[in-house]
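To keep things clear, I will list the structure first and then write my remarks on it.
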């Protein structure tokens, strides 16, 4: 089945525009969907963000980000839970289809990744009733293993889906090609996610060789080594018909280009490299 088209994660143009300007630019380029970040919404204003999104008829493919559950003490873990509840309320206000969770890495001073993953499960269980009441599903985004220590102790799609099964309905995955392309079990796990109706979002960019920065050197689609058409076929064969969301962190390249050039290139590469 055909996908809905292209969504722009607003991290892709975070250095060029504020949220309102980015929404207006996307509309100008015929892009019908976005995924904003919490700091962008906070800077522009929550009610103002909701209004400009609605006024331009934008779909909101996700809201970035919740998560960061592991903390060294109970007070820290409760603070994370409370913050995620606020994130869910914000996501509901702007009409987001899901809250994307970057779950968090090891608590400061810890080497126990098993315990960190248990904190993630407990934190998600604590916010799930609020998510259901707000009608905002939770989308776990497994991150590349290079982030296991500081950003996400859930690193494969299989791990994320195991957690989904443990938690039950209204929990799924945000599959980011950048983070999962290397996984030898990717095809099986994407098919599993489809069977279980757990694919809530699909993110795209490319893996550059060499990668000069662990966080801020993602590539435009077609400039790296990910077989994005193959991953897209897996995603669509699994039944996903939603938007393909471009999410690029690029401090020394795309963040330095004019925003309109970035959006134009995203559209061109979506047609030719994805």
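Numbering (UniProt numbering), first residue to last: 1 to 274.
Even glycine gets a Cβ: it sits at the ideal position worked out from N, Cα and C.
On a predicted model such as this, the values are computed, not experimentally measured, just so you know.
{"Check": "Under DSSP, the alpha helix (DSSP H) around residue 249 begins and ends at which residues?", "Outcome": "Taken as a continuous stretch (DSSP letters only), residue 249 belongs to no alpha helix (DSSP H), as it is neither H nor E."}
{"Check": "Does residue 49 come out as helix, strand or coil in the three-state DSSP assignment?", "Outcome": "helix"}
{"Check": "Going by the CB atoms, is the gap between residue 170 and residue 142 shorter than 8 Å?", "Outcome": "no"}
{"Check": "Helix, strand or coil for residue 254? Go by DSSP, reduced to three states.", "Outcome": "helix"}
{"Check": "Is the distance from the Cβ of residue 120 to the Cβ of residue 154 below 8 Å?", "Outcome": "yes"}
{"Check": "Once the 5 residues before and after residue 273 are set aside, which same chain residues still bring their CB inside 7 Å of it?", "Outcome": "221, 222, 228"}
{"Check": "For residue 104, which three-state DSSP category applies?", "Outcome": "strand"}
{"Check": "Quick one, which of 83, 122, 161 has its alpha-carbon nearest residue 140's?", "Outcome": "161"}
{"Check": "For residue 262, count the other beta carbons within 10 Å of its own beta carbon; 16 or more makes it buried, fewer makes it exposed. Which is it?", "Outcome": "buried"}
{"Check": "Taking the alpha carbon of residue 166 as the point to measure from, which residue in 118, 84, 59, 44 has its own alpha carbon closest?", "Outcome": "118"}
{"Check": "Can you tell me whether residue 271 is buried or exposed, with buried defined as 16 or more other CB within 10 angstroms of its CB?", "Outcome": "exposed"}
{"Check": "Straight-line CA distance for residue 159 to residue 135?", "Outcome": "24 Å"}
{"Check": "Residue 74: which of 123, 103, 56 sits nearest, CA to CA?", "Outcome": "123"}
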